[in-house]
Amino acid sequence: MTRRLLATLGAFFAIATASAQARAQAPVDGQVLVVLASDGDGPRDPRLANVPALHRPPFDSYGSMTLLSSPRISLTVGEAHELQLPNGRTLRLLLREVTDNGRYRVQVSINRPGTRDYLPEMNVVTSPGDPFFVAGQSHRNGTLILGIRLGQRGA
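Residue numbers for the sequence shown, in our numbering: 51 to 205.
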């Protein structure tokens, strides 16, 4: 009985480990919304209507919003992905891990122009399909809001 139990437990852990390794190695698709927000009155880009977070505090205080771009990305654990921002800076995303419960641990940073430093760094744990936002970069009399979504809900 003890041998059978040990064999069963061993098989269970081998399957669980293989599944976690497969999850960690599979690319995670996503998208980055690059939005220009400004305090002045103006239009709100209709392409942002289905992004609820942009209609709640603190983002609802901006008078206008324009979607500048929405590039698709693919992240793999341990490999950095860089995206040029319209203000000359670089967004750097690094997928640190896919957790046992399927969430993503991501390191996010934006470089300072003319330097190689990536400061400050921010670490985020997010669920598939749930966007997170980074804002505050100045651009054309406004502020860049970056919405980052990885994976799909229910995945």
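In this text, a Cβ means the ideal position worked out from N, Cα and C, and glycines have one as well.
For GLN75 and ARG122, which I take to be in contact (beta-carbon distance under 8 Å), what is that distance rounded to the nearest angstrom? Here the question's residue 75 lines up with position 25 in the sequence shown. Here the question's residue 122 lines up with position 72 in the sequence shown. In fact, because the Cβ distance is near 20 Å, the residues do not count as touching under 8 Å.
Excluding the 5 residues flanking PRO77 on each side, which residues of the same chain have their C-beta closer than 6 Å to its C-beta? Within the sequence shown, residue 77 is the residue found at index 27, counting from 1. Only SER124 and THR126 meet the Cβ criterion.
Please work out which residues of its chain come closer than 7 Å, Cβ to Cβ, to GLN157, disregarding the five sequence neighbours upstream and downstream, and give them in chain order. Looking up residue 157 in the sequence shown gives position 107. Taken in chain order, the residues that qualify are LEU144, ARG146, GLU171 and ASN173.
When DSSP labels each residue in this structure, what does SER88 get in the three-state scheme? Position 38 of the sequence shown, counted from the start, is the residue given in the question as residue 88. Three-state DSSP puts SER88 in a strand.
Nearest residue (CA-CA) to GLU129, options PRO136, ARG155, ARG139 and LEU83: Taking the first residue of the sequence shown as 1, we reach residue 129 at position 79. The candidate whose alpha carbon is nearest that of GLU129 is ARG155.
Secondary structure, beta strand (DSSP E): runs of 3+ residues fully inside the segment 86 to 169: 114 to 119, 122 to 125, 130 to 134, 140 to 148 and 154 to 161
Integer-rounded CB distance, given that LEU118 should sit under 8 Å from PRO136: As a first step, residue 136 must be located in the sequence shown, where it is residue number 86. As a first step, residue 118 must be located in the sequence shown, where it is residue number 68. With 8 Å as the limit, PRO136 and LEU118 qualify as a contact, their Cβ atoms being about 6 Å apart.
Rounded to whole angstroms, what's the CA-CA distance from ASP180 to ASN100? Just pull it up for me. To locate residue 180, count along the sequence shown from 1; it is residue 130. To locate residue 100, count along the sequence shown from 1; it is residue 50. Between ASP180 and ASN100, the C-alpha separation is close to 13 Å.
Can you say whether ARG199 is buried or exposed, counting buried as having 16 or more other CB atoms within 10 angstroms of its CB? Counted from its first residue, the sequence shown places residue 199 at position 149. The residue is buried, with at least 16 neighbouring Cβ atoms inside 10 Å.
Identify the residues that DSSP records as bridge partners of ARG199: which are they? The sequence position of residue 199 within the sequence shown is 149, counting from 1. Paired residues: GLN81.
Kindly indicate which residue of PRO178, THR193, THR149 and ARG162 has the alpha-carbon position closest to the one of ARG139. Within the sequence shown, the letter at position 89 stands for residue 139. Among PRO178, THR193, THR149 and ARG162, the Cα nearest to that of ARG139 belongs to ARG162.
I want to see whether chain C comes within less than 8 Å of ARG106, judged by CB atoms only; does it? The question asks about chain C, but that chain is absent: this structure has only one protein chain.
To the nearest angstrom, how far is the alpha carbon of GLY90 from that of LEU141? Counting from 1 along the sequence shown, the entry for residue 90 is found at position 40. Counting from 1 along the sequence shown, the entry for residue 141 is found at position 91. Going by the C-alpha atoms only, they are around 26 Å apart.
Paired residues, beta bridge with SER188 - DSSP: By 1-based counting over the sequence shown, the position of residue 188 is 138. According to DSSP, SER188 bridges with THR193.
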